[in-house]
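Enquirer:
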Amino acid sequence: MNKAFAGVVLTGGSSRRMGRDKAFITVSDSRPLAGLVRDALVLAGAADVFAVGGNTESLGSLDIRCVADRFPGEGPLGGIITALNESTENLVVVLACDTPQITAAVPEILVRSITSDTSVDVAVISIDGRRHPLNGVWRRDRCLAVLENLFENGERAPRVALSALKVLDVTDIDPALVDDVDSPEDLDRYSEATERSH
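Numbering (numbering that gives the first Met the number 0), first residue to last: 0 to 197.
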């Protein structure tokens, strides 16, 4: 793509339901999940790719530059704010680290969507009417101050924060590409699917 953007992998979650750091889980003998998301951003042409939060040393072993979350333990909205502060590009694609089937199509579609409508502040994937703000592209110049103000006033939920911005819902994407794994049961589902395919 010819539109410059930064790519960010959110890796600072607590992974309470999973019981271990999701960024380093492998599914079907693939790369660790954070590495898969990083690769998708690189293949899509991101000018810069980095992770926010998590284990800096271990993420480095996956060839991911890591930036410390400015608000550790405060949830993903703080991670998004950290990402926007760190980026030198105005368009910032922020993706969750737990999507085993992600491809370069995800950031490509997001960037294409937001550049097709200059009036919107952020474009997020929306599936069956439900927005997924941890898979979106943000205009730094329009979103950062708004998000920082909301955060300073106690807001921690990205989905709620979207109400203060002009949002484009991106619906023309295969839901499987952003299907996430939050629990051991989700991992079992992927393992069973892999076994059936062999």
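Ideal placement from N, C-alpha and C gives every residue a C-beta, glycine not left out.
#1: Quick one: is S162 buried, meaning 16 or more other Cβ sit within 10 Å of its Cβ, or exposed?
#2: Could you check what DSSP says for N134 in three-state terms: helix, strand or coil?
#3: In the DSSP assignment, what are the bridge partners of F201?
#4: Nearest to R130 by alpha carbon, out of S118, V92 and R158?
#5: In three-state DSSP terms, what is E194?
#6: Exposed or buried, what is K2 when buried is set at 16 or more other beta-carbons lying within 10 Å of its beta-carbon?
#7: Taking 9 angstroms as the cut-off, decide whether the C-beta atoms of D120 and V166 are in contact.
#8: Within this structure, are the beta carbons of R139 and L164 separated by less than 9 angstroms?
#9: Answer yes or no: do G53 and T10 have a C-beta to C-beta separation smaller than 9 angstroms?
#10: Under 8 angstroms: do the region 78–93 and the region 55–70 share three or more Cβ pairs, one atom per stretch?
#11: F23 and S57 look like a contact to me (Cβ under 8 angstroms); what is the Cβ gap, rounded to whole Å?
#12: Can you name, in chain order, every residue of its own chain whose Cβ lies under 6 angstroms from the Cβ of T55, other than the five neighbours on each side?
#13: Look at the Cβ atom of I124, then the Cβ atom of G135, and state whether they are nearer than 9 angstroms.
#14: Going by the DSSP bridge assignment, what does L35 pair with across the sheet?
#15: Go through the region 49–131 residue by residue and report every complete run of the alpha helix (DSSP H) that reaches 4 residues or more, in order.
#16: Count the C-beta pairs between the region 95–110 and the region 32–51 that are closer than 8 angstroms, then say yes if the count reaches three, no if not.
#17: Tell me the rounded alpha-carbon separation between D168 and S112.
#18: Helix, strand or coil: how does DSSP classify L40 here?
#19: Taking the beta strand (DSSP E) that D178 belongs to, which residues open and close that run?
Expert: Here's the rundown:
#1: By one-based count along the sequence shown, residue 162 stands at place 163. So S162 ends up on the exposed side.
#2: As a working mapping, residue 134 is identified with position 135 in the sequence shown. Three-state DSSP puts N134 in a strand.
#3: Outside the displayed span of the chain (0 to 197) sits residue 201, for which this structure offers no information.
#4: To locate residue 130, count along the sequence shown from 1; it is residue 131. R130 has its Cα closest to that of R158, out of S118, V92 and R158.
#5: To locate residue 194, count along the sequence shown from 1; it is residue 195. Unreliable placement is indicated for E194, whose pLDDT of 35 sits below 50; the coordinate value is still reported in the next sentence. It is helical.
#6: In the sequence shown, residue 2 corresponds to position 3, counting from 1. K2 should be labelled exposed.
#7: Translated into positions along the sequence shown, residue 120 becomes position 121. Translated into positions along the sequence shown, residue 166 becomes position 167. Yes, Cβ-Cβ distance for D120 and V166 is below 9 angstroms.
#8: The residue given as residue 139 occupies position 140 in the sequence shown. The residue given as residue 164 occupies position 165 in the sequence shown. No, the pair does not count as a contact, with Cβ atoms beyond the cut-off.
#9: Indexing the sequence shown from 1 puts residue 53 at position 54. Indexing the sequence shown from 1 puts residue 10 at position 11. Yes, Cβ-Cβ distance for G53 and T10 is below 9 angstroms.
#10: yes
#11: The residue labelled residue 23 in the question sits at position 24 within the sequence shown. The residue labelled residue 57 in the question sits at position 58 within the sequence shown. Yes, F23 and S57 are in contact; Cβ-Cβ is about 6 angstroms, under 8 angstroms.
#12: Walking along the sequence shown from the start, residue 55 turns up at place 56. Within its own chain, the residues whose Cβ lies closer than 6 angstroms to the Cβ of T55, once the five positions on either side in sequence are excluded, are C65, listed in chain order.
#13: To locate residue 124, count along the sequence shown from 1; it is residue 125. To locate residue 135, count along the sequence shown from 1; it is residue 136. Result yes, Cβ atoms of I124 and G135 sit closer than 9 angstroms.
#14: Residue mapping note: residue 35 aligns to position 36 of the sequence shown, counting from 1. Answer is none; L35 lacks a bridge partner.
#15: 55–59, 75–85 and 104–114
#16: yes
#17: Taking the first residue of the sequence shown as position 1, residue 168 is located at position 169. Taking the first residue of the sequence shown as position 1, residue 112 is located at position 113. Rounded to the nearest angstrom, the two C-alpha atoms are 9 angstroms apart.
#18: Along the sequence shown, one-based indexing puts residue 40 at 41. L40 falls in the helix class under three-state DSSP.
#19: On the sequence shown, residue 178 is found 179 positions in, with the first residue counted as 1. Where D178 is concerned, there is no enclosing beta strand (DSSP E), given that its DSSP letter is neither H nor E.
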